[in-house]
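**Student:**
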Amino acid sequence: GNSVTQMEGPVTLSEEAFLTINCTYTATGYPSLFWYVQYPGEGLQLLLKATKADDKGSNKGFEATYRKETTSFHLEKGSVQVSDSAVYFCALSARSGYSTLTFGKGTMLLVSP
Amino acid sequence: GAGVSQSPSNKVTEKGKDVELRCDPISGHTALYWYRQSLGQGLEFLIYFQGNSAPDKSGLPSDRFSAERTGGSVSTLTIQRTQQEDSAVYLCASSQSRGGGQETQYFGPGTRLLVL
Numbered sequence: 667g668n669s670v671t672q673m674e675g676p677v678t679l680s681e682e683a684f685l686t687i688n689c690t691y692t693a694t695g696y697p698s699l700f701w702y703v704q705y706p707g708e709g710l711q712l713l714l715k716a717t718k719a720d721d722k723g724s725n726k727g728f729e730a731t732y733r734k735e736t737t738s739f740h741l742e743k744g745s746v747q748v749s750d751s752a753v754y755f756c757a758l759s760a761r762s763g764y765s766t767l768t769f770g771k772g773t774m775l776l777v778s779p
Numbered sequence: 014g015a016g017v018s019q020s021p022s023n024k025v026t027e028k029g030k031d032v033e034l035r036c037d038p039i040s041g042h043t044a045l046y047w048y049r050q051s052l053g054q055g056l057e058f059l060i061y062f063q064g065n066s067a068p069d070k071s072g073l074p075s076d077r078f079s080a081e082r083t084g085g086s087v088s089t090l091t092i093q094r095t096q097q098e099d100s101a102v103y104l105c106a107s108s109q110s111r112g113g114g115q116e117t118q119y120f121g122p123g124t125r126l127l128v129l
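The listed protein sequences derive, respectively, from chains Z and F. Every number in the numbering used here is 666 more than the matching position in the first sequence, counting from 1. Every number in the numbering used here is 13 more than the matching position in the second sequence, counting from 1.
#1: At least one CB of chain Z closer than 8 Å to the CB of F:Tyr46: is that the case?
#2: Cα separation between Z:Tyr702 and Z:Thr768?
#3: With distances taken from CA atoms, which of Z:Thr678, Z:Thr692 and Z:Gly723 is nearest Z:Gly770?
#4: Please report whether the beta-carbon of F:Asp64 lies at a distance below 8 Å from any beta-carbon of chain Z.
#5: Mind listing the chain F neighbours of Z:Glu643? Cutoff is C-beta to C-beta under 9 Å, in chain order.
#6: By the 8 Å beta-carbon criterion, what residues does the segment 59-83 of chain F contribute toward chain Z?
#7: For my contact list, F:Gly121 and F:Cys105 are in at a C-beta cut-off of 8 Å; report their separation, rounded to the angstrom.
#8: Does the separation of the CB atoms of Z:Tyr754 and Z:Gly727 fall below 8 Å?
#9: Ignore the nearest five residues each way along the sequence and tell me which others in F:Lys24's own chain have a CB closer than 8 Å to its CB.
#10: Strictly under 8 Å for the Cβ-Cβ distance: is Z:Thr766 near chain F by that measure?
#11: Only counting the same chain, and skipping five residues up and downstream in sequence, which positions put a Cβ closer than 6 Å to that of Z:Thr640?
#12: What's the C-alpha gap between F:Leu52 and F:Gln63?
#13: Counting only Cβ pairs nearer than 7 Å, list the residues of chain Z close to F:Gly85.
#14: Using a Cβ cut-off of 8 Å, pull out every chain Z residue sitting near F:Leu127, in sequence order please.
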């Protein structure tokens with residue numbers, strides 16, 4: 667079956683630090699990959715996605731590249747801000763037909779001024 | 014409305030009572046999903062609707078859980094004889110057409126259920 671493994675948190679960083687949150691997956695076929703973010707007290711929001719190998723998703727300074735050879739989709743940002751403090755979820759879905767999302771357990775990011 | 018809405022936002026109930034959770038998807042979205050977010054289990058899929066049909070109910074944890082969707086729009090998740098382990102945040106999401114893997118699912122704010 668499908669599964670997603672992401673690094674456990676919390677990840678604590680100072681403002682302007684470089685961020686990496688690791689995500690690896692197991693799936694049959696060629697899934698689409700997503701990063702969702704949950705800010706405190708809010709619902710899940712799509713941050714970025716990639717639908718095929720070597721695609722790079724990007725949004726709000728965050729990037730992730732779909733690496734089929736390493737089955738990874740690591741999230742990066744060059745300079746984090748306090749407002750980036752949130753829980754980040756890596757997820758996948760099958761590319762054909764309907765598809766449910768399979769989520770990682772989430773990584774909490776705490777950015778201090 | 015502009016996004017997925019859910020009601021109530023919070024629900025406190027006593028063990029053994031039935032509860033109904035409502036989801037109103039984005040207008041025109043034919044695919045609708047229910048997920049559960051709990052401390053121990055993370056985010057888990059419950060059920061998927063395409064229109065009014067539920068071709069995938071594989072995530073429902075027991076026969077106490079059921080869901081329906083009417084008019085291709087609003088969905089209700091019902092939990093009968095609630096147990097303390099049902100305490101979680103129940104999330105609804107919708108997407109535009111067939112729910113294919115490349116589509117983005119848009120999530121509602123969730124219903125936080127506490128069973129005492």
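The beta-carbon is built from N, C-alpha and C at its ideal position, and this holds for glycine as well.
**Tutor:** So, to answer that:
#1: Locating residue 46 of chain F in the second sequence gives position 33, counting from the first residue. Interface residue, yes.
#2: On the first sequence, residue 702 of chain Z is found 36 positions in, with the first residue counted as 1. On the first sequence, residue 768 of chain Z is found 102 positions in, with the first residue counted as 1. For Z:Tyr702 and Z:Thr768, the distance between alpha carbons rounds to 12 Å.
#3: What you label residue 770 of chain Z is simply residue 104 of the first sequence in a count that begins at 1. Per the Cα distances, Z:Thr692.
#4: By 1-based counting over the second sequence, the position of residue 64 of chain F is 51. One detail in the question is off: residue 64 of chain F reads as Gly in this sequence, not Asp. No, F:Gly64 lies away from the interface with chain Z (no Cβ there is under 8 Å from its Cβ).
#5: Nothing in the structure corresponds to residue 643 of chain Z, since chain Z is present only between 667 and 779.
#6: Tyr61, Gln63, Pro68, Asp69 and Gly72
#7: Counting from one through the second sequence, the residue named residue 121 of chain F turns up at place 108. Counting from one through the second sequence, the residue named residue 105 of chain F turns up at place 92. That pair is a contact at about 5 Å.
#8: Here the question's residue 754 of chain Z lines up with position 88 in the first sequence. Here the question's residue 727 of chain Z lines up with position 61 in the first sequence. No, Cβ-Cβ distance for Z:Tyr754 and Z:Gly727 is not below 8 Å.
#9: Locating residue 24 of chain F in the second sequence gives position 11, counting from the first residue. Within the same chain, F:Lys24 has close Cβ partners Val32, Leu34, Thr124, Arg125, Leu126 and Leu127.
#10: To locate residue 766 of chain Z, count along the first sequence from 1; it is residue 100. At least one chain F Cβ lies under 8 Å of Z:Thr766.
#11: The first residue shown for chain Z is 667 and the last is 779, placing residue 640 of chain Z beyond what the model contains.
#12: The residue labelled residue 52 of chain F in the question sits at position 39 within the second sequence. The residue labelled residue 63 of chain F in the question sits at position 50 within the second sequence. Going from the Cα of F:Leu52 to the Cα of F:Gln63 covers about 29 Å.
#13: Locating residue 85 of chain F in the second sequence gives position 72, counting from the first residue. Correct list: empty, because the minimum Cβ distance to chain Z is about 15 Å.
#14: On the second sequence, residue 127 of chain F is found 114 positions in, with the first residue counted as 1. The contacting residues do not exist; F:Leu127 stays about 16 Å from chain Z at best.
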